[in-house]
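For the sequence shown, full-length UniProt numbering assigns the number 1 to the initial residue and increments by one for each residue that follows. From the three backbone atoms N, C-alpha and C, an ideal C-beta is built for every residue, glycine too. Only one structure is covered here, and it is reproduced in the block below.
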Amino acid sequence: MQTYLETPSECFSNLKDYPFSPNYISVGEFKMHYVDEGPKNAKETVLLLHGEPSWSYLYRKMIPPLSEKGYRVIAPDLIGFGKSDKPTDLKTYTYKNHVDWLKNLIVALDLQNITLFCQDWGGLLGLRAVAELDSRFARVCAANTFLPTGDIPPKEDFLKWLRFSQEVSKLPVGKIIQNGCVSKLSPDIIHAYDSPYPDESYKAGARKFPTLVPITPDNPETERNRQAWMFYKNFKKPFITMFSDSDPITKGGDIFFRRTIPGAKGQKHTVIQGAGHFLQEEKGELLAELLSEFIQNNP
């Protein structure tokens with residue numbers, strides 16, 4: 001049996017603007033938490049995937065307006081994050097395991113007609129899930145994310161982040177979110193991002209994620225990501241990008257999606273002004289509005 005930690009529920013009490021009821025499902029050996037808002041029998045499902053080192057709190061501004069339009073909105077916490085179980089063994093966190101955990105959630109909830117909104121690692125995982133569970137997805141929106149194969153050298157900004165994440169004695173999750181935003185966050189918001197991690201022992205997943213990005217062609221997941229790109233070269237379902245104007249990590253990555261994917265042709269791609277890496281934190285209401293338009297314009 002794998003050892004894992006559960007963040008005490010009191011750590012999540014009185015979080016600002018996060019009134020959502022918790023839901024849990026088993027994905028292999030672990031429990032994954034997810035927000036499930038809107039009608040369960042909705043024709044359309046919106047799947048919101050966070051990345052590193054955030055959790056579903058990042059989507060608190062997008063969930064209500066989307067669910068109020070009649071969509072079923074699912075926002076999971078990846079294993080190791082938020083209210084989900086947090087394995088303590090770093091070796092448990094592999095790229096493939098994360099993809100499998102996500103796919104387990106999608107299949108177990110029998111999600112159909114999914115519009116995927118993915119940012120950061122949400123894209124590295126979600127875009128793989130689309131390629132491997134194609135029939136369940138109707139549309140894709142990629143925001144400040146990428147699907148790396150290691151064939152293009154990483155930016156220096158990413159390498160600096162990689163070094164920092166592995167060398168710092170205490171991973172300052174809330175401050176990392178702040179540093180990835182253009183605007184100043186209030187102390188209660190920074191506290192909410194810190195809340196899943198009472199101490200460093202809870203941060204194994206957050207520690208491991210940066211090391212899993214395929215930045216060299218010999219990465220264990222490089223070949224599967226190459227296969228996913230081959231899939232996307234023939235992907236005709238609606239695909240849109242919403243990248244922000246102030247993210248040094250992913251800036252320019254939207255061009256690869258727009259040039260490669262047939263379903264991206266003719267779509268209303270957007271550059272989100274005045275937002276950093278965590279654009280959902282800064283422009284969540286706008287993103288929800290644009291995502292709803294995307295769904296309505298591509299029935």
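Cβ-Cβ separation, residue j to residue i (assumed contact under 8 angstroms), whole Å
i    : j    : result
L162 : P196 : Between P196 and L162 the Cβ distance is about 22 angstroms, and since that is not below 8 angstroms, they are no contact.
Y59  : Q280 : 6 angstroms
H277 : I255 : 17 angstroms between Cβ atoms; not a contact.
C118 : A143 : 7 angstroms
Q112 : T7   : So it is not a contact: roughly 31 angstroms between Cβ atoms.
Y4   : D85  : 5 angstroms
R128 : V99  : 5 angstroms
Strand pairing of residue i, partner residues [DSSP]
i    : result
E29  : BP columns for E29 are empty, so no partner.
P87  : Y4
F239 : V140
I114 : T45, F137
Q119 : A143
S244 : I272
Where the beta strand (DSSP E) through residue i begins and ends
i    : result
V271 : 270–272
A75  : 72–76
Under the three-state DSSP convention, the category residue i falls into
i           : result
R139        : strand
S195        : coil
residue 332 : Lying outside 1 to 299, the shown extent of the chain, residue 332 is not represented and no answer is given.
E37         : strand
Y24         : strand
Q267        : coil
Y18         : coil
G284        : helix
I176        : helix
Y93         : coil
P187        : helix
G126        : helix
V107        : helix
F294        : helix
I255        : helix
S56         : helix
L279        : helix
V99         : helix
S9          : helix
Residue range of the unbroken alpha helix (DSSP H) whose run includes residue i
i    : result
R224 : 222–232
D157 : 156–167
K208 : 204–212
S67  : 63–68
heavy atom of the ligand SAM below 7 angstroms from residue i C-beta
i   : result
L48 : The ligand SAM is not part of this structure, which contains no ligands at all.
Open item on the list: For the pair the segment 201–220 and the segment 91–103, tell me if three or more CB-CB distances fall below 8 angstroms.
Closed with: With a cut-off of 8 angstroms, the segment 91–103 and the segment 201–220 count as touching, because enough Cβ pairs lie within range.
Task: Cβ contact check for the segment 264–272 and the segment 17–33: 3 or more pairs under 8 angstroms - done: no
TODO: Specify whether the segment 74–91 and the segment 137–154 touch according to this definition: at least 3 beta carbon pairs, one from each stretch, less than 8 angstroms apart.
DONE: Contact fails: fewer than three Cβ-Cβ distances are below 8 angstroms.
- [ ] Pair every Cβ in the segment 226–243 with every Cβ in the segment 169–176, then say whether three or more of these pairs are closer than 8 angstroms.
- [x] no
- [ ] Could you tell me whether the segment 12–31 touches the segment 44–53, where touching means 3 or more Cβ pairs closer than 8 angstroms?
- [x] no
- [ ] Count the CB pairs spanning the segment 284–292 and the segment 63–74 that are closer than 8 angstroms, and state whether there are at least three.
- [x] yes
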